[in-house]
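Trainee:
In this note's numbering, the protein residues as written are 5 to 280.
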């Protein structure tokens, strides 16, 4: 007899793949103020497994939320972020890198493609996949296939991404419930929880961060444009957050909040750690 999950499809969930080691991801990720589990997903990749409060408790669309998170993380760090997401009706991915417009693709639950092939080509170029062999494999994911549902499509995507070093732990399979994914991530040998530590601890943590991993542009590194960058982030974060509140868009709110957090933390760090 089919279960309720079988009738309604998988519960919403997501994985955030970051092209950086966990030690570089954690200081930026906790500014999202979302409980997550962080573990390695390859030699140069990490994966964030969110608890999923915005879509579990507030009913916000998972794709919109994780697109905002990926965009915020990618702007706040010098590495790209790939969000894999799914719900009862769809599944897909969004790649965010720097200030460029995010690119992604969507499949219906049955696996029927609902995205644009051009987006897949742009994705391949930004990730650094082979423009011939790897692109051919990705192209197959944009064609109808009655034997492949949305979950199978995401697994096919991960198989292609193995060419650039992505290696998710076997237990972190797209489509699994969020609580099960977080439990599996927590069991990995190098796993660590990511939570908002509070403003005082977050400012203090600047002293322990390896800034060379984050890039010289980061405002708290004390570069010559640190204050200007911090003010610019605050200026960008206020209207973005307000826009997200008006639209009830958790993704925009998260992105705006991260800009504000970066800017305010950087200004606070500058005040408590003045340069000679």
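From the three backbone atoms N, C-alpha and C, an ideal C-beta is built for every residue, glycine too.
What would DSSP say about residue 107, mapped onto helix, strand or coil?
Mentor: strand
Trainee: Taking all protein chains shown into account, decide if residue 135 is buried (16 or more other Cβ within 10 angstroms of its Cβ) or exposed.
Mentor: Exposed, because fewer than 16 other Cβ atoms sit within 10 Å of the Cβ of residue 135.
Trainee: Can you tell me which of 182, 198, 193, 191 puts its alpha carbon nearest to the alpha carbon of residue 57?
Mentor: 182
Trainee: Can you confirm whether the region 33 to 49 touches the region 147 to 161 when touching is taken to mean that 3 or more C-beta pairs between the two stretches lie within less than 8 Å?
Mentor: no
Trainee: If the criterion is Cβ atoms closer than 9 Å, does the pair residue 170 and residue 45 meet it?
Mentor: With respect to residue 45, residue 170 sits close: the two C-beta atoms are nearer than 9 Å.
Trainee: How many Å lie between residue 148 and residue 178 at the Cα?
Mentor: 20 Å
Trainee: Is it a yes or a no for the region 47 to 57 touching the region 102 to 117, going by three-plus beta-carbon pairs under 8 Å?
Mentor: Three or more beta-carbon pairs separated by less than 8 Å are not found between the region 47 to 57 and the region 102 to 117, which leaves the two stretches without contact.
Trainee: Using beta-carbon positions only, say whether residue 144 and residue 95 come within less than 9 Å of one another.
Mentor: no
Trainee: Under the rule that 16 or more other beta-carbon atoms within 10 Å means buried, what is residue 197, buried or exposed?
Mentor: exposed
Trainee: Assign residue 38 to one of two classes, buried (16 or more other C-beta atoms within 10 Å of its C-beta) or exposed (fewer than that).
Mentor: buried
Trainee: What does residue 89 pair with, by DSSP beta-bridge criteria?
Mentor: 18, 96
Trainee: Are the CB atoms of residue 54 and residue 288 within a distance shorter than 9 Å?
Mentor: Nothing in the structure corresponds to residue 288, since the chain is present only between 5 and 280.
Trainee: For the beta strand (DSSP E) that residue 145 lies in, which residues bound it at each end?
Mentor: Counting along the chain, no beta strand (DSSP E) covers residue 145, and no H or E run does either.
Trainee: Is the beta carbon of residue 101 sitting closer than 9 Å to the one on residue 130?
Mentor: yes
Trainee: Considering Cα atoms alone, identify which of 188, 16, 117, 93 is closest to residue 59.
Mentor: 16
Trainee: CA-CA distance, residue 106 and residue 120?
Mentor: 14 Å
Trainee: Is it buried or exposed for residue 9, if we count other Cβ within 10 angstroms and need 16 for buried?
Mentor: Here residue 9 scores only 44 on pLDDT, less than 50, and its place in the model should not be relied on; the value that follows carries that caveat. By the 10 Å Cβ count, residue 9 comes out exposed.
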